[in-house]
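Numbering-wise, our numbering puts 160 at position 159 of the sequence shown, and it's gapless, one number per residue. Cβ coordinates follow ideal geometry from the N, Cα and C atoms, glycine included. Report on one structure; see the data block that follows.
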Amino acid sequence: HQRVVDAALAAAGAPPGLVRFVTGYGDAGAALVSGGVDKLVFEGSTEIGRRVMAAAAATLTPVTLELGGKSPAIVSRHANIDVAARRIAWGKFVNAGQTCIAPDYVLVERDVHDQLVTAIGSAITDFYGSDPQQSPDFARIVNDLAPRNAALLAERERLQAELDRWHRDHPGPVRKRAA
């Protein structure tokens, strides 16, 4: 990001170092604020955005927050279903769905629901092949938390299976033990 912005700003005659990108977690934004910056732009979760905003408020640093809302895609029976499907699939999968405009859900008229679902599946196959995990075009999110998150998901699945087995073996209501 930095090189592209630096080149564009240089071409426009801006001084070097006018804009700096810093990636990291919320603590990185808080450190920037406490270190003194003219403006802070943060894109990420609401939880971390609150921490960044609180840190910025203490120093009256102007902040722009992009906290990612919910972006629906709406498809009516009058739409070109194949075009809509390709656009929805592209919007959801570009940059691993980590854009503020990635569709989070689709509202579709019943008359074209099945056609749209099939068309989205075809679009995904067109973009990434029959095995997207092998596609060089399929974005991946890799950071220090990825192994931890995978382990947590595996543990959740293990615990859920254990709970399901317990409920199967112990039908009926569950009561708390008397203290």
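Item: Would A140 and N81 qualify as a contact pair, given that the criterion is a beta-carbon distance under 9 Å?; Value: no
Item: Name the DSSP beta bridge partners of I75, please?; Value: L108
Item: Tell me the start and end of each unbroken beta strand (DSSP E) in the segment 93 to 173 that is at least 3 residues and wholly inside, in chain order.; Value: 106 to 109
Item: Beta carbon of A56, beta carbon of P63: below 9 Å?; Value: no
Item: Contact between the segment 116 to 127 and the segment 151 to 163: three or more CB pairs below 8 Å?; Value: no
Item: Kindly indicate the opening and closing residues of the alpha helix (DSSP H) around L10.; Value: 3 to 12
Item: Considering only their Cβ atoms, is the gap separating G37 from E67 smaller than 9 Å?; Value: no
Item: On the criterion of 16 or more Cβ atoms from any shown chain inside 10 Å, does F43 qualify as buried, or is it exposed?; Value: buried
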